[in-house]
Amino acid sequence: MTAICQLTQAWLKQQTDQVDEENQPKFSDVPSMLEHVLQVANGDVLTKQLVANLKELEVQCLKAVKAKEAVKKAPMQATVPADPQVEVESEGEAASAKFPLRVWQMGFRESYSFKGASSLYAVVEVIKTNLLGAQGNQTLKYPIEVLFDCGQARPPAGSPIRDFSVGTANGFAVVLGSLVCSMVAAQLGWMKPDSRLSADLRSQLGGRLLKCLRLHGTYSPKGDMRSQAQSILSTKIQASNRSRPTTLQMLYAFQRVVTAEVDAGTRKARGTLLQEALAAYNQREQLRSLKINADELTAIKFLNDRSPAFRKLLTVVWGVERPANTAAPMNLLSSEWLQEAAPNPVSEP
6 MTAICQLTQA WLKQQTDQVD EENQPKFSDV PSMLEHVLQV ANGDVLTKQL VANLKELEVQ
66 CLKAVKAKEA VKKAPMQATV PADPQVEVES EGEAASAKFP LRVWQMGFRE SYSFKGASSL
126 YAVVEVIKTN LLGAQGNQTL KYPIEVLFDC GQARPPAGSP IRDFSVGTAN GFAVVLGSLV
186 CSMVAAQLGW MKPDSRLSAD LRSQLGGRLL KCLRLHGTYS PKGDMRSQAQ SILSTKIQAS
246 NRSRPTTLQM LYAFQRVVTA EVDAGTRKAR GTLLQEALAA YNQREQLRSL KINADELTAI
306 KFLNDRSPAF RKLLTVVWGV ERPANTAAPM NLLSSEWLQE AAPNPVSEP
């Protein structure tokens, strides 16, 4: 299984390490790489083929693990839900219902993640967990938080869920890592009966890939964009098994708030709206650990004034490993000398 994990990571590295004519990184993150590989801008022929390949992979995995009939017929949420349904747990407490989804229903473009693209290193860690972790992918225990109006206008309740259309509030790295594992397995034909893998290894791999193909999510939308950002970021920050979102991800989320208010007709400047949204977030958070700290606030405002090209390059740097371990740690962006030396802000369109 280790060799399979290494081959999957090698494929991801080969795709994301490409450079352009000026020897600059061609892709800043995994979503932009996937868009290129699937030629999203040129139509949906390749995405349709990918969906067909992933469905065939699911069948191959079920055969390899000799799944029982109940497992073969595992449900899939086929339509957009209405108001969130609630299931009652054994202790009598209410909890958001878990939606059984398939990886080909989840949007992989950056716009389908409320906080923007996940870092490359986070996706790599998910791949390791999926293929080498004791339990593999665990979205049944730790479900992805999904949205149906992220990256698109919310479809009417009851309408079919289109391929690659479900948004992610938290758990985007899990979506991307699961998709990459499944894509590579399908592309290299690992689960085919005539592959070079032994029946025993195909059975082990098949069980892990089924957890990548069959995801689970919860759906708890909020009434407005500010409340949505509040819920998503505070959940991300307080989760013990996750790291704090980067300031780039925080900025991406708050820019959604700003855009929503601009679209609603406010005449305030975007910079003013961002400051108000940040202040409102901290005012509503009771625990100090969940608030956006002073360094993060300064860094967010600094990044908001930089050009998209600057943020793209920083995304590449922060994609290699945690920002604190890179040449551009977050506290560098909040340092006084950088604030003074920075060029004039760049206006956002």
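Quick note: to get our numbering, add 5 to the position in the sequence shown (first position is 1).
Glycine is no exception: its CB is placed at the ideal position from the N, C-alpha and C atoms.
For clarity, every value in this text was computed on a predicted model and none was experimentally measured.
Below 8 Å on the Cβ atoms is my guess for residue i versus residue j; work out the distance and round it to an integer in Å.
| i | j | result |
| --- | --- | --- |
| Q54 | M38 | Contact doesn't hold; Cβ gap of about 18 Å is too wide. |
| A69 | S208 | 5 Å |
| Y257 | G121 | 3 Å |
| F169 | G112 | 5 Å |
| L253 | R316 | 6 Å |
| G324 | L62 | Rounded, the Cβ-Cβ distance is 27 Å, inconsistent with contact. |
| I166 | V85 | 6 Å |
| I242 | L295 | 5 Å |
| E150 | A178 | The pair is not a contact, with the Cβ atoms about 13 Å apart (cut-off 8 Å). |
| L319 | A333 | 6 Å |
| S2 | G156 | For the chain, the structure presents residues 6 to 354; residue 2 sits outside this window and is missing. |
Once DSSP output is grouped into helix, strand and coil, what is the label at residue i?
| i | result |
| --- | --- |
| F169 | coil |
| E150 | strand |
| G222 | strand |
| N135 | helix |
| K337 | Sequence check: residue 337 is Leu here, not Lys. L337: helix per DSSP, three-state reduction. |
| V85 | coil |
| E26 | coil |
| L62 | helix |
| S118 | strand |
| F104 | strand |
| A174 | strand |
| M196 | coil |
| M38 | helix |
| M230 | helix |
| M6 | coil |
| E94 | Because E94 sits at a pLDDT of 39, beneath the cut-off of 50, its placement in the model cannot be relied upon, and the following sentence gives the value as read from the coordinates. If DSSP states are grouped into helix, strand and coil, E94 belongs with coil. |
| N246 | Caution applies to N246, whose pLDDT of 48 falls short of 50 and renders its modelled position unreliable; the value that the coordinates give is listed next. In this structure, N246 counts as coil in the three-state DSSP scheme. |
Taking all protein chains shown into account, decide if residue i is buried (16 or more other Cβ within 10 angstroms of its Cβ) or exposed.
| i | result |
| --- | --- |
| V180 | buried |
| P148 | buried |
| K273 | exposed |
| L145 | exposed |
| S118 | buried |
| E27 | exposed |
| V263 | buried |
| G163 | exposed |
| L278 | buried |
| R261 | buried |
| Q65 | buried |
| L210 | buried |
| E74 | exposed |
| M230 | buried |
| L292 | exposed |
| T13 | buried |
| M196 | buried |
| P36 | buried |
Pick out whichever of the options has its Cα sitting closest to the Cα of residue i.
| i | options | result |
| --- | --- | --- |
| K216 | L136, R272, L283, S312 | L136 |
| S232 | S187, A282, G194 | A282 |
| V56 | I9, F32, A304, A191 | A191 |
| S248 | T84, S236, A127 | A127 |
| K18 | V189, A87, T277 | V189 |
| S123 | T331, A314, D268, P250 | P250 |
| V322 | V24, T13, D34, M6 | D34 |
| F259 | G276, P328, L214 | G276 |
| L51 | L67, L302, W109 | W109 |
| Q1 | A174, K103, R213 | Because residue 1 is not part of the residues shown, which for the chain are 6 to 354, the question remains open. |
| K103 | L59, R261, C66, L152 | L152 |
| L193 | T240, H41, L59 | L59 |
| T240 | E290, S200, A265, D229 | E290 |
| L67 | F177, W16, P198, W342 | P198 |
| M255 | S236, A269, E266, T271 | S236 |
| A158 | P30, N330, A265 | A265 |
| A83 | R107, A304, D300 | R107 |
| A87 | L292, S225, D268, Q280 | S225 |
| Q280 | A304, C155, G270 | A304 |
| I297 | A234, M196, A314 | A234 |
| G228 | D154, P30, L343 | D154 |
| A364 | P30, A269, H41 | Since the first residue shown for the chain is 6 and the last is 354, residue 364 is missing from the structure and cannot be characterised. |
Would you say the beta carbon of residue i comes nearer than 7 Å to a heavy atom of the ligand SAH?
| i | result |
| --- | --- |
| G138 | By its list of ligands, the structure shown contains no ligand whatsoever, and the ligand SAH lies outside what it can speak to. |
Problem - Three CB pairs or more closer than 8 Å across the segment 76-87 and the segment 199-212 - result: no
Problem - Segment contact flag, the segment 332-341 with the segment 302-314, C-beta cutoff 8 Å, min 3 pairs - result: yes
Problem - Stretch pair the segment 283-291 + the segment 221-228: three plus CB contacts closer than 8 Å - result: no
Problem - Sufficient close CB pairs (3 or more, under 8 Å) joining the segment 124-141 to the segment 178-194 - result: Under the 8 Å Cβ criterion, the segment 124-141 counts as touching the segment 178-194, having at least three qualifying pairs.
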